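Scroll down for the structure; my scribbles are underneath it.
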DNA sequence: GTCTATACCTAGATAGAC
DNA sequence: GTCTATCTAGGTATAGAC
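Protein chains in written order, with this note's numbering: chain A, 1218 to 1418; chain B, 1218 to 1418.
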């Protein structure tokens, strides 16, 4: 129980800042990835912004967390639905092409978080586990329904899809004409058991 | 035609520095990615090192180029061999686990080169094309030999393998226990037409 | 809670001696 | 060609006023 009413208010303000920051970073990719830029964008001074998040790294992790939160409500329509995979996941990947700044932030932080002492390290560990777990169960369901090749374990395939998603982001950062979602879909199709005609007859 | 003999000598020295830098970066991942660190490692002052490469970015690109050069002679035993893929490529990916610093450098630069004005941008564009082209032709050969599923175009699959390779590096940077080569191999097996028993009988 | 101002640090680049 | 020393820029973090 907080001592003052100000606590809940502070949390609300934090959330408001994050929502705003998310929009700004999404639209205009942030070049330098500096606190000042975010501060300007959300209409606060650099010091004012750090008042809420303490450090640069913590701020950026919170932005990524917020992004996940928003995406989750937007793209996860229940893991049970058999159509989960090719629709929601491919949709999410396609959506990423609309938010260049977030793709860049995510990729950049992903590399920097290699250091176990980095504030974002735990975030990436945890997020990776969650993504793979939920994805693996969806893949298993597809296999059980006979729609997906069972020549590979769902956990292994989940990891591969994660890698494809992350890796396509890197390719897309270099060349914006690359179609990230198409690549994901192509792999899915190749592993599908649907009769669809081979690409190379 | 160079005015003095010093030109060829300078090139040789450059090459020597790069070879040395490659070893050092490979073994001890470089934390800060600073010019000074490399300089210390190769036994030069910061100014002395920049004398050869001009700028930080140029230096780092040259290190990546040198790495490719070395890897190429080490892992590409002729693209014609039918065994090319699962051996050479998987071998290369496995080898990366021995050179953490290079994986980190590559991934980091890959993100920073998103900016078309970045000195490394062209390098990544060109390298991506080369990797995919040579890989696609090897995949096509496998398909023609009936060893690989033809449900996906070789160019599309080459892109996917590139993404898997890059993406697994990101996962591995977060968790060194991850087996990058195993993931690549698993995908290859899943798409193989060999009779081998399914993973989930 | 938010600002201005500033301290402090790191890092790349450059000048100039040898 | 290589070094030492220094300049400069940019960024995070913090102190203190309002």
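All residues carry an ideal CB built from backbone N, CA and C; glycine is no exception.
Computed from a predicted structure; not experimentally measured.
- Item | Residue burial classification, residue 1220 of chain B (beta-carbon count within 10 angstroms, cutoff 16) | Residue 1220 of chain B sits at position 3 when you count from the first residue of the second chain. Its pLDDT being 45, under 50, residue 1220 of chain B is placed unreliably in this model, and the value from its coordinates should be taken loosely. When all chains shown are included, residue 1220 of chain B counts as exposed.
- State buried or exposed for residue 1327 of chain A, treating a residue as buried only when at least 16 other CB atoms are found within 10 Å of its CB. What you label residue 1327 of chain A is simply residue 110 of the first chain in a count that begins at 1. Counting Cβ neighbours within 10 Å, residue 1327 of chain A comes out buried, since at least 16 surround it.
- Out of A:1227, A:1368, A:1320, A:1343, which has the shortest C-alpha to C-alpha gap to residue 1246 of chain A? Mapped onto the first chain, residue 1246 of chain A falls at position 29. Ranking the options by Cα distance to residue 1246 of chain A, first place goes to A:1320.
- Task: Mark residue 1289 of chain B as exposed unless 16 or more other C-beta atoms lie within 10 angstroms of its C-beta, in which case mark it buried.
- Result: As a working mapping, residue 1289 of chain B is identified with position 72 in the second chain. It counts as exposed.
- Query: Should residue 1268 of chain B go down as buried or exposed, given a rule of 16 or more other Cβ atoms within 10 Å for buried?
  - Reply: Indexing the second chain from 1 puts residue 1268 of chain B at position 51. Result: exposed.
- Given residue 1411 of chain A as reference, the closest of A:1258, A:1363, A:1347, A:1325 once Cα atoms are compared: As a first step, residue 1411 of chain A is located in the first chain; it is residue number 194 there, counting from the start. Of the listed residues, the one whose Cα sits closest to residue 1411 of chain A is A:1363.
- Name the DSSP beta bridge partners of residue 1365 of chain A, please? Sequence index remark: in the first chain, residue 1365 of chain A carries index 148 (1-based). Answer is A:1409, bridged to residue 1365 of chain A.
- Query: Are three or more beta carbon pairs between the region 1231-1239 of chain A and the region 1279-1287 of chain A nearer than 8 angstroms?
  - Reply: yes
- Query: Taking 8 angstroms as the CB-CB cut-off, is residue 1365 of chain A touching chain B?
  - Reply: Start at 1 with the first residue of the first chain, and residue 1365 of chain A comes out as number 148. Chain B contact via Cβ: absent.
- Terminal residues of the continuous alpha helix (DSSP H) containing residue 1373 of chain A? Along the first chain, read from residue 1 onward, the residue named residue 1373 of chain A stands at position 156. Counting along the chain, the alpha helix (DSSP H) containing residue 1373 of chain A begins and ends at 1371-1391.
- Query: Is DSSP giving residue 1277 of chain B helix, strand or coil here?
  - Reply: For the purposes of this step, residue 1277 of chain B is taken as residue 60 along the second chain, with counting starting at 1. Helix.
- Task: Taking a Cβ distance cut-off of 8 angstroms, strictly less, list which residues of the region 1221-1242 of chain B are near chain A, in chain order.
- Result: none
- Determine the chain B residues that contact residue 1303 of chain A at a beta-carbon separation under 7 angstroms, and present them in chain order. On the first chain, position 86 is the one that residue 1303 of chain A refers to. Under the 7 angstroms cutoff, chain B gives no residues; its nearest Cβ is about 15 angstroms from residue 1303 of chain A.
- Item | Enclosing alpha helix (DSSP H) for residue 1245 of chain B [first to last residue] | Translated into positions along the second chain, residue 1245 of chain B becomes position 28. Here residue 1245 of chain B belongs to no alpha helix (DSSP H), and DSSP marks it neither H nor E.
- Would you kindly work out how many angstroms separate the C-alpha atoms of residue 1240 of chain A and residue 1337 of chain A, rounded to a whole number? Position 23 of the first chain, counted from the first residue, corresponds to residue 1240 of chain A. Position 120 of the first chain, counted from the first residue, corresponds to residue 1337 of chain A. Each residue's Cα considered, the two are about 21 angstroms apart.
- Message: At a CB distance below 8 angstroms, what residues from the region 1335-1368 of chain A approach chain B? Give them in sequence order.
- Response: 1338, 1341, 1342, 1345, 1360, 1366, 1367, 1368
- Can you tell which of A:1224, A:1262, A:1276 has the C-alpha that lies nearest to the C-alpha of residue 1242 of chain A? Counted from its first residue, the first chain places residue 1242 of chain A at position 25. If we check each option's Cα against that of residue 1242 of chain A, A:1276 comes out closest.
- Item | Simplified DSSP state of residue 1261 of chain A, which is helix, strand or coil | Taking the first residue of the first chain as 1, we reach residue 1261 of chain A at position 44. Coil, per DSSP.
- Query: Taking a cut of 8 angstroms between CB atoms, which residues from the region 1364-1394 of chain A lie near chain B?
  - Reply: 1366, 1367, 1368, 1369, 1370, 1371, 1373, 1374, 1376, 1377, 1379, 1380, 1381, 1382, 1383, 1384, 1385, 1387, 1388, 1390, 1391, 1392
- So, are the CB atoms of residue 1404 of chain B and residue 1381 of chain B less than 8 angstroms apart? Position 187 of the second chain, counted from the start, is the residue given in the question as residue 1404 of chain B. Position 164 of the second chain, counted from the start, is the residue given in the question as residue 1381 of chain B. In contact: residue 1404 of chain B and residue 1381 of chain B (Cβ atoms closer than 8 angstroms).
- Query: If you run the structure through DSSP and keep just helix, strand and coil, what is residue 1335 of chain B?
  - Reply: Here residue 1335 of chain B refers to the residue found at position 118 of the second chain. DSSP places residue 1335 of chain B in coil when its eight states are reduced to three.
- What are the boundary residues of the alpha helix (DSSP H) that includes residue 1321 of chain B? The sequence position of residue 1321 of chain B within the second chain is 104, counting from 1. From DSSP, the alpha helix (DSSP H) with residue 1321 of chain B extends over 1317-1329.
- Whose Cβ in chain B lies nearer than 8 angstroms to the Cβ of residue 1316 of chain A? On the first chain, residue 1316 of chain A is found 99 positions in, with the first residue counted as 1. Ordered by position in chain B, no residue passes the 8 angstroms Cβ test against residue 1316 of chain A, which lies about 14 angstroms from the chain.
- Would DSSP call residue 1218 of chain B helix, strand or coil? Taking the second chain and counting its residues from 1, the one referred to as residue 1218 of chain B is at position 1. With a pLDDT of 43 at residue 1218 of chain B, under the threshold of 50, the modelled position of that residue is not reliable, and the figure given next carries that caveat. Residue 1218 of chain B falls in the coil class under three-state DSSP.
- Message: Quick check: the Cα distance between residue 1322 of chain A and residue 1330 of chain B, rounded to an integer number of angstroms?
- Response: As a working mapping, residue 1322 of chain A is identified with position 105 in the first chain. As a working mapping, residue 1330 of chain B is identified with position 113 in the second chain. Answer to the nearest angstrom: the Cα atoms are 13 angstroms apart.
- Item | Local Cβ density within 10 Å of residue 1229 of chain B, reported as buried at 16 or more and exposed below that | To locate residue 1229 of chain B, count along the second chain from 1; it is residue 12. It is exposed - the Cβ of residue 1229 of chain B has fewer than 16 other Cβ atoms within 10 Å.
- Could you tell me which chain A residues have their CB closer than 9 angstroms to the CB of residue 1321 of chain B, listed as they occur along the chain? Looking up residue 1321 of chain B in the second chain gives position 104. Result: 1328, 1331.
- Closer than 7 angstroms by beta-carbon distance: list the chain A residues that pair up with residue 1404 of chain B, in chain order. In the second chain, the residue the question calls residue 1404 of chain B occupies position 187. The answer, in chain order, is 1377.
- Task: Taking C-beta pairs closer than 7 angstroms, name the residues in chain B that residue 1325 of chain A reaches, listed in chain order.
- Result: To locate residue 1325 of chain A, count along the first chain from 1; it is residue 108. Those are 1328, listed as they occur along chain B.
- Query: Could one say the Cβ of residue 1408 of chain A lies closer than 8 angstroms to chain B's Cβ atoms, at least one of them?
  - Reply: On the first chain, position 191 is the one that residue 1408 of chain A refers to. True, the Cβ-Cβ gap to chain B drops below 8 angstroms.
- Take residue 1325 of chain B as the anchor and find which of B:1396, B:1390, B:1409 has the nearest alpha-carbon. As a first step, residue 1325 of chain B is located in the second chain; it is residue number 108 there, counting from the start. Out of B:1396, B:1390, B:1409, B:1390 has the C-alpha closest to the C-alpha of residue 1325 of chain B.
- Message: Is the separation between the beta-carbon of residue 1379 of chain B and that of residue 1388 of chain A shorter than 8 angstroms?
- Response: On the second chain, residue 1379 of chain B is found 162 positions in, with the first residue counted as 1. On the first chain, residue 1388 of chain A is found 171 positions in, with the first residue counted as 1. Yes, these two residues count as a Cβ contact at 8 angstroms.
- Message: Just to make sure I have the definition right: I need the residues of chain B whose C-beta is within less than 8 angstroms of the C-beta of residue 1400 of chain A. Which are they?
- Response: Counting from 1 along the first chain, the entry for residue 1400 of chain A is found at position 183. In chain order: 1373, 1376, 1377, 1380.
- DSSP on residue 1271 of chain A, reduced to helix/strand/coil? To locate residue 1271 of chain A, count along the first chain from 1; it is residue 54. Residue 1271 of chain A falls in the coil class under three-state DSSP.
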